[in-house]
Structures are given as C-alpha cells and as structure tokens.
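Just so you know, we're using the numbering used here here: the sequence shown kicks off at 122 and counts up by one.
Below: the structure, in structure tokens.
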Amino acid sequence: MLSKRCALTGAIILAVCVATPLSPAAADPTPKAPPAMVDALERDLGLSEEQVHTRLANEERATAVEANLTTALGGSFGGAWLNDDASKLMVATTDPAGTKTIEAQGAQPVVVARSMDQLNGVMRQLDQAPQSAKAGAALWFVDVTTNLVSVQAPTVEAAQALVAAAGVDKSAVTVSATAERPTTFINIIGGAAYYIGGSRCSVGFAVTRGSTPGFTTAGHCGRAGSRTTSPTGTFQGSSFPGNDYAWVAAPNNTATPYVRGSGGANVTVRGSTQASVGASICRSGSTTGWRCGVIQQHGASVTYAQGTVSGLTRTSACAEPGDSGGSFISGNQAQGMTSGGSGNCSVGGTTYHQPVNEALSVYGLTLRTG
C-alpha cells in the first residue's frame, strides 16, 4: 500500500511475417486526448504532441483488434502486445494456420509453443503454491513477449523454490533475481485523497450501486466497515490480500465521471476496456499526481509483506506513498486502482494496479462515465 508512512520500497518464438503496421491514417485520432494527458505522455514517454496523438490512435485500434483475435483464435491464442512505439500489434498463436486470420486484421502473427490458456494454467499453479514458498518470491507473471511465465525473487534460488513447490513445467518458466521489492501503497474525483483514521489513500473511480454513489479503491486501504473522511463514507467491501480492491459508499457526495489529470484538469472516463500490453497508461494519485508509463504485463502475481495478490497489471508508471487506490487510465478507458510497486517518481519505478472490472463485477457496481 502506498501508505502515508510506509516506504516504497524454452520456447522459440518465430515471427512469421511482417504484417501491415498499425496505420495512423487508418485509426481515427478523434476524439482528441485531454491536454493534461498529452502533456504527461510527452513528459514521461519522451514523445512529441503529434507522436502522442498517433500512439493513442494506434492503441485504440489495437485494443479492438486484440479483442477480435482473442475470440477468433480461441484456444490457440497466445497473447498480444504492442511494439515499442505502438505502431504494430503482435499477436501470438500456437496454430500456424491462424496467421492469415491475424494478418487480415492488420496485426503481425507470431507462432509460439504455448497458448494463453496454458500459460495461465502455470500461473494458477504458482498462485496455489504454499504461502511459505510464495513469500520468498517478489512477483510472477505471464510474459507474452517471450511466451513464458517469469518468476522473480530476491535470489534465483528463491524463485526456483517457488517453481519447485508449485510443481510447474520448468520449460514454461524463466527465473531471475530482481531488485524489486513491491510494497502496498497507502495514501474522491479519481486520484484525489481520502482518509481512513490517520492514513491517506487515493480514490480510484466514481461508481454507483443502485442509487448509492461511491468509489473504488485499493483493498489494503481499509476493511469492510472502516470509515472515511473527505469524503465521508464507509467501506462496503474489501478484498486483500489475494485481490486488492474495495469500494466505499459515500451517499452524501456526487459521483462524477472524472479523474484528476495534470494540473488538476479533469480527464473524462468513457468506459473500462482493458488496454493491450505495450499501451501507454497514466495514473493519478494524491501524492505524485498524474504520471504515465506503459503496460508491461497483465495478470501478474505479487508478494507483499501481507500476502500475495494475483491478477495485477504491471506498468512503468511511478508512484509513491499515498497514491494507493488511485486511478489508472489508458486513453479514456478506466484500467484499475493503484496497488503497490517499487521505486519512486524521482528515480523511476514499477507500479501495479488491480483491474477495475473485477471490482465492478464482484460488488455489482456501475462505473460513472461521461
């Protein structure tokens, strides 16, 4: 949790052919991104304004293409990711016959050894390993770019111990030592501060349940029944560890479809479609404000001191204590709530978010959109 007081602490992949890159001309860049988002992406990704608009248009198209191909390829789908400048969507399949389907959508096919179903099966085995083994590892996730599950720990031996305890196929896993030491982030419009006793967290997204307004946030920020101030509310549900989501009912407040962007400008939320690996993403929090990066992996499992949280998205956006629970948004699509990470916004860091759609489904919430 980014607490106000806590410290942050062999498959061969074959590119079958070069498909037509995602064309800026083919992707309608309207509606234009909010100026605050453009400014932050220029700053954090080192892009020009024109490059930002081109990238966002390509990412919007890639999201639709990935969704189509996930369905079309079925059990042979092996994941998808954008290249470094988001000009091309790579789509993996275990069936060489599926390459024509991928090319027809303007993406680049990649033939791989394992499907996403198989890789997610490895993740489930790791997630179900004894907590004593998981406690020694820092994180694990499906790396779609290598078609492997990556297990990282303070030492290679600790990563290997988790693999052994889970009984997974070692050929489907890569292990490595990492300096990452994920910690949970404790510290309402999305990204604004709220308080639980003496601790501070950040609002995720405005929601309603029936006629009751409220907001999503991180589960580690409070338990069911915990009271909040600024705004006044009550935690109605909370899940942590295992997950890291919660929702707070704030009946005397107005739910708005906004996230606080750069300089306090509002960014309008229009939906919650999950963006592709490699897409740009920005987060808003009450400590470091508006920060941007790219999506590195979906479905990561992270071990915090309090236990393991699974199904997180790993990003290169930085965060610091107090940002916990805050909004992650890609373009105008809500992505999730800040969970934890490593590093800070002075030297750079890695931050994880809990996907918002799971919390919406579990608690029967409706995302407030504009």
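Cβ atoms here follow ideal geometry from the backbone N, Cα and C, with glycine treated the same way.
Kindly indicate which residue of the options has the alpha-carbon position closest to the one of residue i.
{"i": "Gly325", "options": "Gly485, Leu481, Pro230 and Ser197", "result": "Leu481"}
{"i": "Gly200", "options": "Ala178, Ile223 and Asn179", "result": "Ile223"}
{"i": "Asn65", "options": "Gly446, Gly354 and Gly343", "result": "This structure leaves residue 65 out entirely; the chain is present only between 122 and 491."}
{"i": "Gln357", "options": "Gly346, Gly363 and Arg435", "result": "Gly346"}
{"i": "Gly410", "options": "Val430, Gly196 and Val380", "result": "Val380"}
{"i": "Gly331", "options": "Ala293, Leu486 and Thr215", "result": "Leu486"}
{"i": "Thr472", "options": "Ala426, Tyr484 and Arg404", "result": "Arg404"}
{"i": "Ala234", "options": "Gly318, Ser383 and Asp216", "result": "Asp216"}
{"i": "Met237", "options": "His419, Met158, Ile317 and Gln226", "result": "His419"}
{"i": "Ala109", "options": "Ser271, Met244 and Val284", "result": "In the structure as shown, the chain begins at 122 and stops at 491. Residue 109 is therefore absent and cannot be evaluated."}
{"i": "Ala440", "options": "Gly462, Leu168, Gly392 and Glu180", "result": "Gly462"}
{"i": "Cys466", "options": "Glu181, Gly406 and Gln454", "result": "Gly406"}
{"i": "Arg435", "options": "Met458, Gln249 and Thr184", "result": "Met458"}
{"i": "Phe262", "options": "Asp248, Asn453 and Ala421", "result": "Ala421"}
{"i": "Glu181", "options": "Glu301, Asn453 and Arg164", "result": "Asn453"}
{"i": "Gln239", "options": "Gly195, Thr349 and Ala280", "result": "Gly195"}
{"i": "Thr329", "options": "Trp368, Arg164 and Ala279", "result": "Trp368"}
{"i": "Gly83", "options": "Thr184, Glu301 and Ala183", "result": "In the structure as shown, the chain starts at 122 and stops at 491, and residue 83 therefore has no counterpart that could be examined."}
Within its chain, find whatever has a CB closer than 8 Å to the CB of residue i; leave out the 5 residues flanking it on each side and keep chain order.
{"i": "Thr299", "result": "Ala259, Leu260, Gln273, Ala274 and Pro275"}
{"i": "Ala128", "result": "The predicted model places Ala128 with a pLDDT of 31, which falls under 50 and marks its position as unreliable, so this point remains unresolved."}
{"i": "Thr333", "result": "Ala370 and Pro372"}
{"i": "Ala190", "result": "First, the residue type needs correcting, since residue 190 is Leu and not Ala in the sequence shown. Correct list, in chain order: Phe198, Ala201, Val212, Thr222, Ile223, Gln226 and Ala228."}
{"i": "Val398", "result": "Gly200, Ala201, Trp202, Leu203, Val265, Thr266, Ile416, Gln417, Gln418 and His419"}
{"i": "Leu168", "result": "Leu162 and Arg176"}
{"i": "Pro352", "result": "Ile309, Tyr315, Ala371, Asn373 and Asn374"}
{"i": "Gln249", "result": "Ala287"}
Would you call the CB atoms of residue i and residue j closer than 9 Å?
{"i": "Thr338", "j": "Gly470", "result": "no"}
{"i": "Gly311", "j": "Ser401", "result": "no"}
{"i": "Gly428", "j": "Gln252", "result": "yes"}
{"i": "Asp365", "j": "Gln475", "result": "yes"}
{"i": "Val294", "j": "Val270", "result": "yes"}
{"i": "Asp205", "j": "Gln172", "result": "no"}
{"i": "Leu210", "j": "Val243", "result": "no"}
{"i": "Ser393", "j": "Val477", "result": "yes"}
{"i": "Pro155", "j": "Gly382", "result": "yes"}
{"i": "Thr408", "j": "Ser323", "result": "yes"}
Looking only at its own chain, which residues have a Cβ that is under 7 Å from the Cβ of residue i, when we skip the five neighbours before and after it?
{"i": "Val277", "result": "Val296, Ser297 and Ala298"}
{"i": "Thr151", "result": "At Thr151 the pLDDT is 48, less than 50, meaning the model places this residue with poor confidence; the figure from the coordinates comes in the next sentence. Excluding residues within five positions, none has a Cβ falling inside 7 Å."}
{"i": "Leu166", "result": "Ser401 and Cys413"}
{"i": "Ala256", "result": "Thr424"}
{"i": "Val483", "result": "none"}
{"i": "Val159", "result": "Glu170 and Val173"}
{"i": "Gly384", "result": "Ala157"}
{"i": "Val139", "result": "Any reading at Val139 is ruled out, since the residue's pLDDT is 34, under 50, leaving its predicted position unreliable."}
{"i": "Arg344", "result": "Phe356 and Ser359"}
{"i": "Lys291", "result": "Val284"}
Using a Cβ-Cβ cutoff of less than 6 Å, which residues in the same chain neighbour residue i once the five nearest sequence positions on both sides are dropped?
{"i": "Ala327", "result": "Phe336, Ala376, Thr377 and Arg489"}
{"i": "Gln246", "result": "Ala287 and Val289"}
{"i": "Ser451", "result": "Ala396, Ala400 and Ile402"}
{"i": "Thr499", "result": "Nothing about residue 499 can be reported from this structure: the residues present for the chain run from 122 to 491 only."}
{"i": "Phe361", "result": "Gly340 and His341"}
{"i": "Ala193", "result": "Thr222"}
{"i": "Thr430", "result": "Residue identity differs from the one stated: residue 430 is Val in this sequence, not Thr. Around Val430: Pro362, Asp365 and Val423."}
{"i": "Ala386", "result": "Ala157"}
{"i": "Gly491", "result": "Pro378 and Thr389"}
{"i": "Asp149", "result": "With a pLDDT of only 48 at Asp149, under 50, the local geometry of the prediction cannot be trusted, and no value is derived from it."}
{"i": "Ser144", "result": "For Ser144, the predicted model reports a pLDDT of 46, less than 50, meaning its position is unreliable and no value from the coordinates is stated."}
{"i": "Gly219", "result": "Leu194 and Ser197"}
{"i": "Arg391", "result": "Asn453 and Thr490"}
For residue i, which beta-bridge partners are listed by DSSP?
{"i": "Tyr484", "result": "In the DSSP output, where bridge partners are listed per residue, Tyr484 has none listed."}
{"i": "Thr424", "result": "Thr429"}
{"i": "Ile310", "result": "Ile310 pairs with nothing; no bridge assigned."}
{"i": "Ala298", "result": "Ala274"}
{"i": "Leu283", "result": "Looking at the DSSP assignment, Leu283 forms no beta bridge with any residue, so it has no partner."}
{"i": "Cys403", "result": "Cys413 and Ile450"}
{"i": "Pro334", "result": "Thr329"}
{"i": "Pro230", "result": "Val212"}
{"i": "Gln418", "result": "Arg435"}
{"i": "Gly354", "result": "Thr349"}
In terms of residues, what are the limits of the alpha helix (DSSP H) holding residue i?
{"i": "Ile223", "result": "Thr220 to Ala225"}
{"i": "Thr192", "result": "Glu170 to Leu194"}
{"i": "Asn241", "result": "Met237 to Asp248"}
{"i": "Arg164", "result": "Pro156 to Leu166"}
{"i": "Ala256", "result": "Segment: none, Ala256 is in no alpha helix (DSSP H) and carries neither H nor E."}
Taking residue i as part of the beta strand (DSSP E), name the residues at either end of that continuous run.
{"i": "Asp264", "result": "Leu260 to Asp264"}
{"i": "Arg321", "result": "Ser320 to Ser323"}
{"i": "Ser271", "result": "Leu269 to Ala274"}
{"i": "Ala367", "result": "Tyr366 to Ala370"}
{"i": "Ala95", "result": "Shown here, the chain extends from 122 to 491; a query on residue 95 therefore has no answer."}
{"i": "Gly385", "result": "Here Gly385 belongs to no beta strand (DSSP E), and DSSP marks it neither H nor E."}
{"i": "Phe361", "result": "Element bounds for Phe361: n/a, residue is neither H nor E."}
{"i": "Gly199", "result": "Phe198 to Leu203"}
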